[in-house]
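**Student:**
Protein chains: 2
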Amino acid sequence: MSTAASRRRPATIHDVAREAGVSRGTVSRVLNGGHYVSPAAKAAVDAAIRRTGYVVNRHARSLITGKSDSVAFLLTEPQERFFEDPNFNVLLRACTQALADRDIPLILMIAGTEDERRRNLRYIEAGHVDGVLLVSSHSGDPVVARLHEAGVPVVACGKPLGQTTRIGYVAADDRDGAREMVRHLHATGRRRIATVTGPLDTPGGVERLAGYRETLAACGLPADDALVVTGDYSRASGAEAARTLLERAPDIDAVFVASDLMAQGVLDALARAGKRVPEDIAVGGFDDSPAALSSQPPLTTIRQPWDRISAEMVRTLLARIAGEDPATVILPTELVVRESA
Amino acid sequence: MSTAASRRRPATIHDVAREAGVSRGTVSRVLNGGHYVSPAAKAAVDAAIRRTGYVVNRHARSLITGKSDSVAFLLTEPQERFFEDPNFNVLLRACTQALADRDIPLILMIAGTEDERRRNLRYIEAGHVDGVLLVSSHSGDPVVARLHEAGVPVVACGKPLGQTTRIGYVAADDRDGAREMVRHLHATGRRRIATVTGPLDTPGGVERLAGYRETLAACGLPADDALVVTGDYSRASGAEAARTLLERAPDIDAVFVASDLMAQGVLDALARAGKRVPEDIAVGGFDDSPAALSSQPPLTTIRQPWDRISAEMVRTLLARIAGEDPATVILPTELVVRESA
DNA sequence: TTCTCTACTGTGAACGCTCACAGATGCATG
DNA sequence: CATGCATCTGTGAGCGTTCACAGTAGAGAA
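First to last, the sequence lines map onto chains Y and F. When you read off a place in the first sequence, starting at 1, and then add 2, the result is the number in my numbering. When you read off a place in the second sequence, starting at 1, and then add 2, the result is the number in my numbering.
Structure below.
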């Protein structure tokens, strides 16, 4: 009799083999797809597994196969973004889920500092994970190159900028999302449309700006650099940008903001300047974060399909691990119209 | 010549031993603390490790030691809470960090559904992790009992309610935080102090309510059940609760709300009812979440020491894994005074 | 009948590590 | 000069798998 708190020795493949009256090899074959196993043997093994409560020892398996059957979720962002950006939550949750469906554990790694980066790379390069889901938006991140050099399968979230090596990634169609928003602003009668961009070393920064410019041109509106201000995705930078815009071009009637968080800052500043939204100035955000709903007024924004992004990241990573070439997947965004525009 | 993308066979303990001119055993001893190793041998091994770029194969080690040197972070909450509650972010981040400092990978598990719960338990019970950091606030969670039965070391975040088994946990001093907030409200002249509690099957729900009641009594204020309304930690439930309160007791001059998110809802409802905060009614929150700063007006709230909570969770879990008895740690909270009270 | 082919099964040898043990050395003690 | 002890070192076994290989049995073709 063992107490509740003592773990008893778990069943091994040997125990199962004995219980089923077959050899280790046969049990192993059943475990790995069941090819070249007679129906009778398979049934006996299945029953034995159920009786013994057998679960494979992944360490033993990994030792011989050389694969770990696990995947890292690596975040190389300065930590404040992790706290602020609700997208990470959604992404992390959905990736965990998608991997769990395939019985693959997710190892969470956060590399905000150089030291953490080194440590995590060391772990990954040692072959302790089969692949990496990478969240790193800044241009020229050395981690990307290191991972590529080490031959570790990687799929990034968002297009990795400033990389010479080809790396697979999954992203929302930022440019088209921006186009759609600006078209919407134009369609609702706005003619002096400004923009607050994200940092221009991030894909969201450059792509959304590009979409904005393209659409202005397509709508026959003049390009005016005074209407473009760059923020850093923080709420404060949004407020700052709005003040700059009002000063430079008091006649603007719309602002396309490259993130909801910054859009909140814009709303703050506009309210403080006595501008009514959307009557005087329409505001369009990006992300459809929870903040978009709770702001005053609720934000018209662009929804990124995070559930699909996660699913595709996992799918393409596993394909890459299985030997396929790096793939890039671009997924469509969706305009969500609320009260701010 | 291997291409950049091909992983070459990593160095083993054998290679290091040959390189250093010693035996496997000596290398192993260096790797595990360096006891009973001559300084000369240790130096030779260290150099050889550096030259060969050797990293232990954790699978091989785990196979023989029976330990995985990894820890699970298990979240058994319905997923909406994961999205909404910013505390999870902070906790997860800090735990990852604390574990990384000890070179222990964190495996993230999210068990919102019954199916996910089963799968994760199976994984854990198979001994694939050495211990579990458990985040599960609801009363009588069957996962707690299952883990205890399986003899897996567990440390919970917050006191696990409705459990017959003794289990280690780390928590903020909810009750004392509530006391402090109510004392503050009283000290600033409020005399009709209502409260919006969390769900009463969560520790935050019961403890904060208890602290509220104690302090009312201590201040000589009458207990009045009409001033107590229960929410579910969501913003909407906060608004709903505020409406109920205003109806039942229009003369209240303060509300202690058991979470910032609900407090936001309370602010919404009060604004809609034409009440000024804090002039007419003071509002106190709990959590010091980012929402507390961005609400109008910024919330006076209670900060929970999440960094310390995480650090203690990791510390006590590792102690538990090392064989110590389950410990409980209660950490002090801190009043953060802003404009709402 | 004999041979070949397919479907299935069992066996030894790894995988890279730790652990127990045996042995060697040096030094102080009786 | 033997004995004990502490410090250090190497060796073999074994952790629980998978994989390659050798083998068996039965069906069908020659």
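Heads up, the beta-carbon is just placed ideally off N, CA and C, and yes, glycines get one too.
I think Val-279/F touches Thr-302/F, with their Cβ atoms under 8 Å apart; what is that distance to the nearest whole Å?
**Tutor:** Between Thr-302/F and Val-279/F the Cβ distance is about 10 Å, and since that is not below 8 Å, they are no contact.
**Student:** Mind checking if Pro-334/F is an interface residue toward chain Y, Cβ cutoff 8 Å exclusive?
**Tutor:** So no, Pro-334/F is outside the interface.
**Student:** Here's the rule I'm using: 16 or more other beta-carbon atoms within 10 Å means buried, otherwise exposed. How should Asp-262/Y be labelled?
**Tutor:** Buried, since its Cβ has 16 or more Cβ neighbours within 10 Å.
**Student:** Would Val-73/F count as contacting chain Y if we go by Cβ distances under 8 Å?
**Tutor:** Not an interface residue.
**Student:** Mind the definition here: the segment 167–174 of chain Y touches the segment 87–106 of chain Y only if three or more C-beta pairs lie below 8 Å; say whether that holds.
**Tutor:** Verdict: no, contact absent.
**Student:** Since Phe-90/Y is in the alpha helix (DSSP H), which residue starts that stretch and which ends it?
**Tutor:** It spans 88–102 - the alpha helix (DSSP H) in which Phe-90/Y sits, taken as one unbroken run.
**Student:** Which residue marks the beginning of the alpha helix (DSSP H) containing Val-47/F, and which one marks its end?
**Tutor:** Note, Val-47/F: alpha helix (DSSP H), 41–54.
**Student:** Which residue marks the beginning of the beta strand (DSSP E) containing Ile-195/Y, and which one marks its end?
**Tutor:** Unbroken beta strand (DSSP E) run through Ile-195/Y: 195–199.
**Student:** Helix or strand or just coil, what does DSSP make of Ala-228/F?
**Tutor:** Reduced to three states, the DSSP call for Ala-228/F is helix.
**Student:** If you run the structure through DSSP and keep just helix, strand and coil, what is Asp-309/F?
**Tutor:** Correct three-state label for Asp-309/F: helix.
**Student:** Quick test of your reading: Thr-232/Y and Tyr-214/Y, contact by CB under 8 Å. State the CB separation rounded to the nearest angstrom.
**Tutor:** Contact flag wrong, Cβ pair sits at about 12 Å.
**Student:** Would you verify that the beta carbon of His-140/Y is, or is not, closer than 8 Å to some beta carbon of chain F?
**Tutor:** Chain F contact via Cβ: absent.
**Student:** For Gly-129/Y and Ala-45/F, I'd like the C-alpha separation in whole angstroms.
**Tutor:** Taking the straight line from one Cα to the other gives about 26 Å.
**Student:** Spatial neighbours of Met-3/Y within its chain, please: C-beta separation below 7 Å, excluding the five flanking residues on both sides.
**Tutor:** Here Met-3/Y scores only 34 on pLDDT, less than 50, and its place in the model should not be relied on; the value that follows carries that caveat. Nothing meets the Cβ criterion.
**Student:** Sort out for me which residues DSSP pairs Tyr-171/Y with in a bridge.
**Tutor:** The partner list for Tyr-171/Y (beta bridge, DSSP) reads Ala-158/Y and Thr-330/Y.
**Student:** Rounded to whole angstroms, what's the CA-CA distance from Asp-282/Y to Ala-275/Y? Just pull it up for me.
**Tutor:** Taking the straight line joining both Cα atoms gives about 11 Å.
**Student:** Note the first and the last residue of the continuous alpha helix (DSSP H) segment covering Val-137/F.
**Tutor:** No alpha helix (DSSP H) contains Val-137/F, which is instead part of the beta strand (DSSP E) from 133–137.
**Student:** Whose CA, out of Gly-240/Y, Gly-160/Y and Arg-119/Y, lies closest to the CA of Val-145/Y?
**Tutor:** Among Gly-240/Y, Gly-160/Y and Arg-119/Y, the Cα nearest to that of Val-145/Y belongs to Arg-119/Y.
**Student:** Enumerate, from N- to C-terminal direction, the unbroken alpha helix (DSSP H) stretches of 4 or more residues contained entirely within the segment 233–275 of chain Y.
**Tutor:** 237–250 and 262–274, all fully within the segment 233–275 of chain Y.
**Student:** Count the other CB atoms, across all protein chains shown, that sit within 10 Å of the CB of Ser-40/Y; report buried if there are 16 or more and exposed otherwise.
**Tutor:** Ser-40/Y is exposed by the Cβ-count criterion.
**Student:** Contact check, Ala-343/F vs Val-259/F under 8 Å by CB: the rounded distance?
**Tutor:** With a Cβ gap of about 10 Å, Ala-343/F and Val-259/F do not count as contacting.
**Student:** Roughly how many angstroms lie between the CA atoms of Leu-223/Y and Tyr-235/Y, to the nearest whole one?
**Tutor:** If I take the Cα positions, the gap works out to 26 Å.
**Student:** Helix, strand or coil, according to DSSP, for Leu-76/F in the structure here?
**Tutor:** The answer is strand: DSSP assigns Leu-76/F an E or B state.
**Student:** Excluding the five sequence neighbours on either side, which residues of its own chain have a C-beta within less than 6 Å of the C-beta of Glu-192/F, listed in chain order?
**Tutor:** Residue 192/F is actually Arg in this sequence, not Glu. Here the set comprises Asp-255, Ala-256 and Ala-284.
**Student:** Rounding to the nearest angstrom, what Cα-Cα distance links Tyr-125/Y and Arg-95/F in this structure?
**Tutor:** Taking the straight line from one Cα to the other gives about 18 Å.
**Student:** Identify which residue in Glu-127/Y, Gly-36/Y and His-188/Y has its Cα closest to the Cα of Glu-151/Y.
**Tutor:** Ranking the options by Cα distance to Glu-151/Y, first place goes to Glu-127/Y.
**Student:** Run the CB neighbour count on Thr-199/F, radius 10 Å, all protein chains shown included, and call it buried at 16 or more, exposed below.
**Tutor:** Under this definition Thr-199/F is a buried residue.
**Student:** Look at the alpha carbon of Ser-2/Y and the alpha carbon of Leu-93/Y, and state the distance between them as a whole number of angstroms.
**Tutor:** Since the first residue of chain Y shown is 3 and the last is 343, residue 2/Y is not available in this structure.
**Student:** Does the beta carbon of Asn-34/Y come closer than 8 Å to any beta carbon on chain F?
**Tutor:** False, the Cβ-Cβ gap to chain F never drops below 8 Å.
**Student:** Would you say Leu-136/Y reaches chain F, if we count a Cβ-Cβ gap shorter than 8 Å as a contact?
**Tutor:** Not an interface residue.
**Student:** At a Cβ threshold of 8 Å, is Pro-43/Y touching chain F?
**Tutor:** It should be noted that the sequence gives Ala, not Pro, for residue 43/Y. Cβ-Cβ to chain F under 8 Å: no for Ala-43/Y.
**Student:** Should Asp-327/F be labelled buried (16 or more other beta-carbon atoms within 10 Å of its own) or exposed?
**Tutor:** Exposed, because fewer than 16 other Cβ atoms sit within 10 Å of the Cβ of Asp-327/F.
**Student:** Assess contact between the segment 42–60 of chain F and the segment 12–27 of chain F, defined as three or more Cβ pairs (one per stretch) separated by less than 8 Å. Is contact present?
**Tutor:** The segment 42–60 of chain F vs the segment 12–27 of chain F: in contact.
**Student:** Taking only beta-carbon positions, decide if Ala-107/F is within less than 8 Å of chain Y.
**Tutor:** According to the sequence provided, residue 107/F is Pro. The question's Ala does not apply to it. So, interface residue.
**Student:** Measuring alpha carbon to alpha carbon, tell me which residue in Val-134/F, Lys-161/F and Cys-159/F is nearest Arg-148/F.
**Tutor:** Comparing Cα-Cα distances from Arg-148/F to each of Val-134/F, Lys-161/F and Cys-159/F, the minimum goes to Val-134/F.
**Student:** Going by other Cβ atoms of all chains shown within 10 Å of its Cβ, with 16 needed for buried, is Gly-287/F buried or exposed?
**Tutor:** The residue in question, Gly-287/F, is buried, as its Cβ has 16 or more Cβ neighbours within 10 Å.
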